[in-house]
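Accompanying notes for the structure given below.
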Amino acid sequence: MYQKNRIMQGIALLIQVTIIMVLITGFISAETRSLVRDSIPDKYKWDLSHIYPDWSAWETDLARLEPLIDSFQALQGSLSGSADNLLNAFRMRDRIDRLFDSVSTYV
Numbered sequence: 002m003y004q005k006n007r008i009m010q011g012i013a014l015l016i017q018v019t020i021i022m023v024l025i026t027g028f029i030s031a032e033t034r035s036l037v038r039d040s041i042p043d044k045y046k047w048d049l050s051h052i053y054p055d056w057s058a059w060e061t062d063l064a065r066l067e068p069l070i071d072s073f074q075a076l077q078g079s080l081s082g083s084a085d086n087l088l089n090a091f092r093m094r095d096r097i098d099r100l101f102d103s104v105s106t107y108v
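Using the numbering used here, the letters of the sequence shown correspond one by one to residues 2 to 108.
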């Protein structure tokens, strides 16, 4: 019984090593096939100017995001005070979500 258990452990180890080698080989070959962005025609690149016209506009929104998150966090414990508190929290969360989506998509 002991010998059968050792054989099974050996097979499991062999399978694990094989999987790791396949994954490593895949990553290495993917790196060698990667293209430099400048060599890709513009028609195959995403046009992110619809999100932000330039980097400084993105930085402006990124700077707006942190204070909004802090304000939202400050609402903790006050949502049950009134329906208006809850509604304002939902609206603030939606603003944060939209802003975060734009900021994270652009990068």
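Positions of the beta carbon are idealized from the N, C-alpha and C atoms, including for glycine.
P42 carries a coil assignment under DSSP once its states are collapsed to helix, strand and coil. Put simply, the backbone Cα of S79 is about 18 Å away from that of P68. If you compare the alpha carbons of Q10, V108 and Q4 with that of E60, the shortest gap goes to V108. Under the DSSP assignment, W59 falls in the alpha helix (DSSP H) whose first and last residues are W56 to A75.
The beta carbons of A90 and L76 sit about 5 Å from each other, so the pair counts as a contact at 8 Å.
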